[in-house]
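So for the sequence shown, my numbering puts the first residue at 1; every next one is plus one.
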Amino acid sequence: MNRSVKHLVFAAILVLFGATLANATIVENNYWRLGETDTGAAIGNLGNDPTIDSVGGLDLTRYGGPSYVAGGTSGSTLGMDFDNAYGAWPTTATEYYAGGAGSSYLFSASNNWGIEFWARVDSLPNPSTQDKEAVLISVGKNSTNSNAMIEIKEGKLRVSRILVDSWMSDYTVTAGQWFHAAYVNNGGVGELYVDGVKRGADPSQATTFAPAPNLYDKVSLAAITGAWGQSGYVRGIDAALDEVRLFTFAAGEFSIQDTFYNGVPEPGTLALLATGLIGLLCYAWRKRK
Ligand SMILES: [Ca+2]
Ligand SMILES: [Ca+2]
């Protein structure tokens, strides 16, 4: 093996190693790509029923007529658009996805979990005349009022748990603009990140999203699920969502760098690197002979 080939091989190994390490601390629980894993999905088409969870097998049922749109970030070709109307409270969502884990729970970890997604809010409710909160993502439980939500209130992103607690982030939503949001329960502290920057935290009341994840057995996109959803308060939003992921991480190990706020890694990238590395090794081996 000559010197330059050795260097190239070494560099390729380093890149591969680095790429593997980049997302090492996040353990995916559920991952809804909202298009890429749905058979026949194309921009403008009615969303599939169900839409596929490519990790945890919790496929979500379609309600109403959400449709595929162009993806919200690099590495995503498709996302999902919801056109819920706003009215006087209580309004009922007409377009959303929802699913439940049945008799089990969404997580087995007791803390250190998160949810991330890309979102584009198409229109905002008028807080004085229309339903005040518009729900982007909700996790909840069928039998109790445990719904926890990431929602829009008075133009800002807010984290809320019905009848328990809520707190505003300082992030003002711009209609029509995609952004990345990540809520994490990080060692018992609720934190909300937008586009990679922490925009709110709840150190005193970590119950916003309960530390005990066994409160949650349902998840919904663009509406509330759980007990409130069943009571008819299926409050929704006029927005598009993309690349929704529930995850856990080792205590103290969360880094926003491990989320998708810089875009979704192309599935081909690692394969391409591996192919390149094998090619280099073959070349070096042939040269030696
Ligand atoms: Ca996608
Ligand atoms: Ca919409």
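Note that the Cβ used here is the ideal one computed from N, Cα and C, for glycine as well.
Can you list, in chain order, the residues of its chain with a C-beta nearer than 7 Å to that of Thr172? Leave out the 5 residues immediately preceding and following it.
Gly155 and Lys156
The beta strand (DSSP E) that contains Thr61, what's its start and end?
Thr61 to Tyr63
Just to check, is the beta-carbon of Asp170 closer than 7 Å to a non-hydrogen atom of ligand 1?
For ligand 1, not one heavy atom lies less than 7 Å from the Cβ of Asp170.
Helix, strand or coil: how does DSSP classify Arg286 here?
helix
Tell me the residue span of the beta strand (DSSP E) that contains Val197.
Val197 to Asp202
On a CA-only basis, which of Ala134, Ala223 and Asp195 is nearest Asp258? Give me that one, please.
Asp195
Would you mind working out which of Glu266, Tyr105, Gly47 and Ala88 sits nearest Val69, comparing C-alpha positions?
When the alpha-carbon of Val69 is set against those of Glu266, Tyr105, Gly47 and Ala88, the nearest one is in Gly47.
With DSSP collapsed to three states, give me the class of Ile256.
helix
Asp49, enclosing beta strand (DSSP E) - first and last residue
Element bounds for Asp49: n/a, residue is neither H nor E.
heavy atom of ligand 2 below 7 Å from Asp81 C-beta
Relative to ligand 2, Asp81 has its C-beta within less than 7 Å of a heavy atom.
What are the start and end residues of the beta strand (DSSP E) that includes Val27?
Ile26 to Trp32
Quick test of your reading: Thr37 and His180, contact by CB under 8 Å. State the CB separation rounded to the nearest angstrom.
Not a contact, Cβ separation roughly 20 Å.
Check whether Tyr183 and Gly114 have beta carbons under 8 Å apart:
yes
Does any CB atom of chain D fall closer than 8 Å to the CB of Pro66?
No chain D is present in this structure, which holds just one protein chain.
Test item: CB-CB of Leu241 and Leu34 under 8 Å:
Closer than 8 Å, so yes.
Just to check my reading of the structure: Ile152 and Val159 have Cβ atoms closer than 8 Å, yes? What is that Cβ distance to the nearest angstrom?
About 11 Å separates the two Cβ atoms, so there is no contact after all.
Please name the residue, chosen from Ile52, Gly188 and Gly79, that lies closest to Thr39 on a Cα-to-Cα basis.
Ile52
Own chain partners of Gly100 with C-beta closer than 6 Å, once the 5 adjacent residues on each side are dropped:
For Gly100, where only same-chain residues beyond five positions count, the Cβ hits under 6 Å are Asp217 and Lys218.
How far does the beta strand (DSSP E) with Ile137 in it reach, from first residue to last?
Per DSSP, Ile137 belongs to the beta strand (DSSP E) from Glu133 to Gly140.
What is the residue span of the beta strand (DSSP E) that Phe82 lies within?
That run of the beta strand (DSSP E) goes Leu78 to Asp83.
Give the range of the beta strand (DSSP E) segment to which Ala148 is assigned.
Note, Ala148: beta strand (DSSP E), Ala148 to Lys153.
Could you have a look at Ala182 and say whether DSSP puts it in helix, strand or coil?
strand
Where Gly190 falls: helix, strand or coil (DSSP):
strand
In whole angstroms, what is the alpha-carbon distance linking Gly236 and Ala223?
4 Å
Can you tell me whether DSSP reads Glu116 as helix, strand or coil?
strand
Is Ala119 near ligand 2, judged by its Cβ being under 7 Å from some heavy atom?
no
Outcome for Glu266 when other beta-carbon atoms lying within 10 angstroms are tallied against a minimum of 16
exposed
Just checking Asp242 against ligand 2 - is the residue's beta carbon closer than 7 Å to any of the ligand's heavy atoms?
no
Using the beta-carbon count (16 or more within 10 Å), is Asp49 buried or exposed?
exposed
Could you tell me the distance, in whole angstroms, from the CA atom of Ala239 to the CA atom of Ile43?
15 Å
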